[in-house]
Each structure stands twice: as C-alpha cells, then as structure tokens.
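What follows is a short report on a single structure.
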Amino acid sequence: MSSLRPTNAPFEVVIVGGGVAGLEAVLALRALAADRVSITLVSPAADFTYQPAGVLSAFAHRPARRLALAQFAQETGIKLEQRALEAVVPDERTIVADGHELRYDALLIALGAHVRHHLPGISTGDPAQLWATLAGVIDQLEAGELSSIVFIAPAPTWPLPAYELALLAAEHARGLGVEITVITAERQPLQAFGEQVSAAVRRLLEQAEIELVTGSEVEPSVGGLTLFPARHVVHFDRIVSLPRLGGPSVAGLPRDADGFLHTTGFGEVLGVERVYAAGDATSFPVKFGAIAAQQADAAASAIAALAGAEVEPAEFDGEVHGVLFSRASAPGVYFSARLGPNGESRESRVSSAPTWPIDAKIAALHLSPYLDKLWAEGPRWIAGQLAWEAALSQLQSANPR
Ligand SMILES: Cc1cc2nc3c(=O)[nH]c(=O)nc-3n(C[C@H](O)[C@H](O)[C@H](O)COP(=O)(O)OP(=O)(O)OC[C@H]3O[C@@H](n4cnc5c(N)ncnc54)[C@H](O)[C@@H]3O)c2cc1C
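Heads up: the sequence shown begins at 166 in the working numbering, then just goes up one per residue.
Written out as structure tokens, the structure is:
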C-alpha cells in the first residue's frame, strides 16, 4: 500500500485509550521518537484512574488516584480528543470517534478489556464503582453486619485484586469472627505468575485463615451461588466479584471469538497494516498492567522505527513484575515471572524487596517514574516506596488492632 501521508507532514500517531497502555505508549514514543511524531490521544474519559489504588484507597479511606488527561496532554505535547472510538477504517487509515474522522500513519489500540458483569445485581468489580463497593463492604464489616464474605475471580479477569481484597478484609475484620473465602477460576492462586508466587499466596491466605476454592466458576442461584464443576450451592452474607473480561470487539478490525485483538510481539495487529494494539484489549491471556505497559513499549518502539527514528524495535519479552498488597502491618509481596507467548509461566520468583528498579504497583518503564514524580509533589502515597510506607501508616492508624 502506498503512503497516504503528504510529503513533509508530521508522522501522525493516534493512540486510542487513556489507560496504562495508552499513557505508557505516549511517554515511550516521546522518549524514542521525540518530535518526529505528532500524537493524538483519544479517550472518552477525562481522567486516568490508577486502578490498583482502588483496592488500597478504600481500606485507607482515601479517594482513588487520578490524573487529568488534559494535564498529561499538555505536559507531553500531544493532542487530546475526548471521544469514544466507534470504528477503524484500515484501508483509509482513519478512525471514527463519536462521528469524527481522524487520520493516522500508525494507530495504537489501547482500549482495555470490555467489563462484563459476572454476577449482575449482586456486586461489581468495575473499577469505576470499585471504591463505592468496597466502602460499603468495609462499613458492613465495621458494623458487625457480616458473618461471611466471598471474593470471586472468574476467568478471565484481573485475579490479583481478589487476593488483595480478601487479605485486607481479613486484617480489617480480625477478631470479628467473619469467614472470608476466595473462589477463583485459577487452578492455583496467581497461577499465571508461576509456582513460587502461587505458593506464597497460598501461605498468606492460610495464615489469614481465608478459605480458598480453586478451579471453580460460580453462577447465581436461588438463595446463593452454585459452584461449578462441583455444583454445590454455597451462601455468603456478602459477595464481591471481579468482572469477567471480554475483548473490545473493535469494528473494522479482525478479532478472536471473544473480541480480543491478536498481535505479534511488536504489537502489530495481525491482518492489518499500521495498526498496533497493547494491553488488556489483546488476546494475550494474562491481564495485568505491567504486561499492558510492556506491550505498549514494544509497539511504541516499532512505531518509532516506522516513523524514521533510529530505534531498533524491541519485542515484548514476557518478563513481568508485580506486588501483592497483603497486610497493612507488612510490606507487599513482590514477585516476578517470565511468561511464554501463550501466557504460560516459565520462571517465578518471590521477594520481600522490589524485583525491579522502580518500586511501583504497576511496573511500567515510563509511566511509573512519571507518576512517581508527579505525585511526589502532592500527597505521595501510591506510586513508589515512600508512597507505600505512607499508605501503610494510613491503614495502620485507620485500623489499630
Ligand atoms: C482493582 C484492580 C487492581 C489491579 N492491580 C494491578 C496491579 O497491582 N498491578 C498490575 O500490573 N495490574 C493491576 N491491575 C490490572 C491493570 O489495571 C490493567 O491490566 C491495566 O489497566 C490494563 O491497561 P490497558 O491500558 O490495557 O487498559 P485500561 O487501563 O483499562 O485503559 C483502557 C482505556 O481505554 C479507554 N476506552 C474505553 N473505551 C474506549 C473507546 N471506545 N474509545 C476510546 N477509549 C476508550 C478507557 O477510558 C481507558 O482509559 C489491576 C486492576 C484492577 C481493576
């Protein structure tokens, strides 16, 4: 296909989605291609929400961390279009967002996953409502209204918060006689990150006297939940379920049966030219911010090279770092793993110290230091190590047991 770009016009990169992958890609492109690229970020949301903060902030009685995308756009010198993507027209190298057409030389889809409510009407893991849901749970725990609570991780979802929520709830409810259960579709807790990580999570759950049910899906049934494949009916006073994730099913782009985008290691969407994807929107089976960020870095390196920057494109290599927040009175459990192309774990390590040079909840090469610096100027309690210490003391003073 010949280039549709007029000679001497800037290389137009359109990034759709203002989440982890979208913001990481903007920062990576600025680092790799500087002003060689003109970047437009398309997002219906006005803010970036730091999703892991949703868990911690509710227990620390703090609002979730947000960053205004207008501020981010100003600081990084990009254009912001506050619109929702409707379709991609690859033959014309354009996208349609809220009825407006935007032309691109390279397009990055970073839309995240489509959240499907797994247990409608009972509870939600929707990040936008997570804080409110958890605040309600904490109120009920404190009021002694709950004798049992279950945290559910269907497949696929972000499994990490299910364990964090259960562990934090156990600590919050210590001495109140509340039975806490985790039901997960995973065969082992945090199975994707390997045996060492699973064993560490199991130990933490045992120490906190949290019951763990693995390899199970649940469906609502009269008066309770039916566990599959066992078909047992179980009852809990309160149910908190993470959502089941689906692909964004972008009109105009090829996708798998669940709506996810198939990509190469450089983030190229298979079957279309100059269209890239990163993060939860891709068919990579493990949904995790650190993976979204690395996929964004890989795509940004390929796009920078396409734009003529002197960059050797670097493939997504499956190395992942994370931290599980387990108790207010102890540091997080840091872990790393190497994942194969189908999400299978090849290496697994657990540590009491960060496994990566930057201590952040979402390990993102460019976004983590950016947020750390930004939030260091205000009340810094989420992005880096100092932040964690402050968060822990917040939790301890809120819950002195
Ligand atoms: C409670 C919780 C805790 C978590 N903890 C961790 C953790 O500790 N570590 C970790 O690594 N990961 C964690 N995760 C997972 C992590 O947040 C996600 O994997 C990550 O955000 C995925 O990044 P993404 O950019 O693909 O999608 P998202 O961050 O979800 O961003 C998608 C973006 O696309 C935008 N969008 C949606 N529809 C449209 C449209 N039609 N047009 C344009 N834009 C659109 C959205 O507004 C959003 O800005 C956690 C998740 C949750 C919910």
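Glycine is no exception: its CB is placed at the ideal position from the N, C-alpha and C atoms.
An exposed status is given to H397, since fewer than 16 other beta-carbon atoms sit within 10 Å of its beta-carbon. Judged by DSSP in its simplified three-state form, L355 adopts coil rather than helix or strand. D212 is bridged by DSSP to A233. Apart from the 5 residues on each side of it in sequence, H337 sits with its Cβ closer than 7 angstroms to the Cβ of F224, I303, L306 and N564 in its chain, given in chain order. Proximity of the beta carbon of F453 to ligand 1 is indicated: a heavy atom of the ligand is located closer than 7 angstroms.
The residue among W540, E512, R511 and R514 with its C-alpha nearest the C-alpha of A525 is W540. Beta-bridge partners assigned by DSSP to A318: T349. Within the same chain, and ignoring the five residues on either side of D445 in sequence, the residues whose Cβ sits closer than 7 angstroms to its Cβ are G277, A278, L410, K452 and A457. Following the DSSP letters along the chain, one finds Y441 inside the beta strand (DSSP E) bounded by residues V440 to A442.
For P385, the enclosing beta strand (DSSP E) has its first and last residue at E382 to S386. Separation of P255 and R201 (C-alpha to C-alpha, rounded to the nearest whole angstrom) is 22 angstroms.
Excluding the 5 residues flanking it on each side, A331 has same chain C-beta neighbours closer than 6 angstroms at F316, I345, V347 and I375, in chain order.
Taking a contact as a CB-CB distance under 8 angstroms, the pair A442 and T428 counts as one, their CB atoms being some 5 angstroms apart.
For G487, the enclosing beta strand (DSSP E) begins and ends at E484 to L489.
F449 and N507 have their C-alpha atoms some 7 angstroms from each other. Ranked by Cα distance from T214, the options L221, A198, L232 and V362 are led by L232.
With contact defined as three or more Cβ pairs closer than 8 angstroms, the stretch 186 to 204 and the stretch 527 to 541 are in contact. For a cut-off of 8 angstroms, the C-beta gap from V488 to V498 is around 7 angstroms, short enough to register as a contact.
Straight-line spacing of the CA atoms in E384 and R420 works out to 27 angstroms.
Excluding residues up to 5 positions away in sequence, G430, Q459, Q460 and A463 lie with their Cβ nearer than 6 angstroms to the Cβ of F481 in the same chain.
T259 is positioned such that its CB atom lies closer than 8 angstroms to that of L267.
If you check the CB distance, F176 and S208 do not come in under 8 angstroms. Taking C-alpha positions only, R248 is separated from S414 by approximately 17 angstroms. Sequence-distant Cβ neighbours of E477 in its own chain, meaning closer than 8 angstroms and more than five residues away, are S466 and A470. Bounds of the beta strand (DSSP E) holding H265 are H265 to R268. Annotation for H397: the continuous beta strand (DSSP E) segment containing it runs H397 to V399. Per the coordinates, the alpha-carbon of V440 lies some 30 angstroms from the alpha-carbon of I523. Within the chosen limit of 7 angstroms, ligand 1 does not reach the beta carbon of W296 with any heavy atom. DSSP lists V485 and S513 as the bridge partner or partners of A502.
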